[in-house]
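Presented below is the structure to which this report refers.
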Amino acid sequence: MEVWDLYDRNRNKLDEKHIRGVPMPKDRYHLVVHVWIQNDSGGLLLSKRHPNKPYGGYWECTGGSVIAGENSLQGAYREVAEELGLQLDDKAAKLLRREVRQVDHLDNWLFHSNVSIEQLTFQPEEVIDAKWVDEETYRRMVRQKAIVPTLHHFFDELMVK
3 MEVWDLYDRN RNKLDEKHIR GVPMPKDRYH LVVHVWIQND SGGLLLSKRH PNKPYGGYWE
63 CTGGSVIAGE NSLQGAYREV AEELGLQLDD KAAKLLRREV RQVDHLDNWL FHSNVSIEQL
123 TFQPEEVIDA KWVDEETYRR MVRQKAIVPT LHHFFDELMV K
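Next comes the structure, spelled out in structure tokens:
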């Protein structure tokens, strides 16, 4: 059972918890992270979603819900460690953007790593593959509808050149 801390629209933490899968109470939000990992060549690390998940077979950045007791950065580290078996360096974290969505506060994080795909350990129920892609390949994958639709915006809205 996954439990989340709840927040108000202004991101003030409330003394309330929520169980994943239960409808979100009105005017309540939880924290979600998207974790973008870039290498020295400017490539992005993408993972392929397990076929049994929503958007199964699509490519995405690592991400997920922040669990109760964690802050956003801790949630980012945990998600990457769980899904890819990768321990990220504290010095590599950069918060790109925060946004309020319908039921969550989304934080987009950027990290730096030159890990090889062979060094990754996939969480079997979440990830079935991973690869490094350059900007041109990413944009082509967006056009081919191979990227989770909510992540199409990375280079246009988040990436600082």
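Counting in the working numbering, the sequence shown runs from 3 upward without gaps. Every residue gets a Cβ at the ideal spot worked out from N, C-alpha and C, and that includes glycine.
The way I'd put it, the region 73 to 84 doesn't touch the region 53 to 61; fewer than three beta-carbon pairs between them come closer than 8 Å.
Note that the region 100 to 116 touches the region 23 to 42; at least 3 beta-carbon pairs, one per stretch, sit closer than 8 Å. Using a 10 angstroms sphere on the CB of VAL5, the tally of other CB atoms stays under 16, which defines it as exposed. When the beta-carbon positions are compared, GLU85 and GLU120 stay at least 8 Å from each other.
Within the DSSP bridge table, the entry for SER74 names no partner.
For VAL144, the enclosing alpha helix (DSSP H) starts and ends at 137 to 145.
Considered as a whole, the region 35 to 104 harbours 74 to 86 as its complete alpha helix (DSSP H) runs of no fewer than 4 residues, in chain order. LYS93 and ASP131 have their C-alpha atoms spaced approximately 26 Å apart. In terms of CA proximity to TRP111, LEU97 leads the group TRP61, LEU97, VAL34. DSSP links ALA148 through a beta bridge to no other residue.
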